[in-house]
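**Q** Structure provided below as structure tokens; questions to follow.
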Amino acid sequence: MTSAHTFIAQACLGFLLHIDDDITEDGLEKLPLVKYAAEHWVGHARFEDVSSFILDELKYLFDPEQSPPGSVGLDLRSSLAQAPTQ
0 MTSAHTFIAQ
10 ACLGFLLHID
20 DDITEDGLEK
30 LPLVKYAAEH
40 WVGHARFEDV
50 SSFILDELKY
60 LFDPEQSPPG
70 SVGLDLRSSL
80 AQAPTQ
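Mind the numbering: the sequence shown is residues 0 to 85 in numbering that gives the first Met the number 0, read in order.
Right, here's the structure in full:
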């Protein structure tokens, strides 16, 4: 089960970390997995030892010098702060 959560966490973060900061609301509607990825990446990352397999993505997310642009980075950090623990 860990490998499934690892795959999903990597996919969610990879998808979110590559969203263009200039994307519009209409553009987001054309990307149906954005909402799922933003809301659920933390839950997948917290499952068992999944976070140890996604260290590169987490370092990128939380490194202020490499962080994703503007609102995307803030939204991802907010989802971590609000996520329930498993």
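Glycine included, each C-beta is placed from N, C-alpha and C at the ideal position.
From a predicted model like this one, the values you see are computed outputs, not experimental measurements.
Which word fits residue 4, buried or exposed, when buried means at least 16 other C-beta atoms lie within 10 angstroms of its C-beta?
**A** In the sequence shown, counting from the first residue as 1, residue 4 sits at position 5. By the neighbour-count rule (16 or more Cβ atoms within 10 Å), residue 4 is buried.
**Q** Ignoring anything shorter than 4 residues or poking outside the segment 11 to 46, list the alpha helix (DSSP H) runs there in chain order.
**A** Those alpha helix (DSSP H) runs which fall completely within the segment 11 to 46 and span 4+ residues are 24 to 28, 32 to 45.
**Q** Do residue 55 and residue 1 have their C-beta atoms within less than 9 Å of each other?
**A** For the purposes of this step, residue 55 is identified with residue 56 of the sequence shown, where counting begins at 1. For the purposes of this step, residue 1 is identified with residue 2 of the sequence shown, where counting begins at 1. It is not a contact, given that the beta carbons lie outside the stated cut-off.
**Q** Helix, strand or coil for residue 55 per DSSP?
**A** Locating residue 55 in the sequence shown gives position 56, where the first residue counts as 1. Helix.
**Q** Quick check on residue 17: buried or exposed, where buried means 16 or more other Cβ atoms within 10 Å of its Cβ?
**A** Counted from its first residue, the sequence shown places residue 17 at position 18. The residue is exposed, with fewer than 16 neighbouring Cβ atoms inside 10 Å.
**Q** Using the Cα positions of residue 37 and residue 11, report the straight-line distance between them to the nearest angstrom.
**A** Numbered from 1 along the sequence shown, position 38 holds the residue referred to as residue 37. Numbered from 1 along the sequence shown, position 12 holds the residue referred to as residue 11. Distance between the alpha carbons of residue 37 and residue 11 is about 7 Å.
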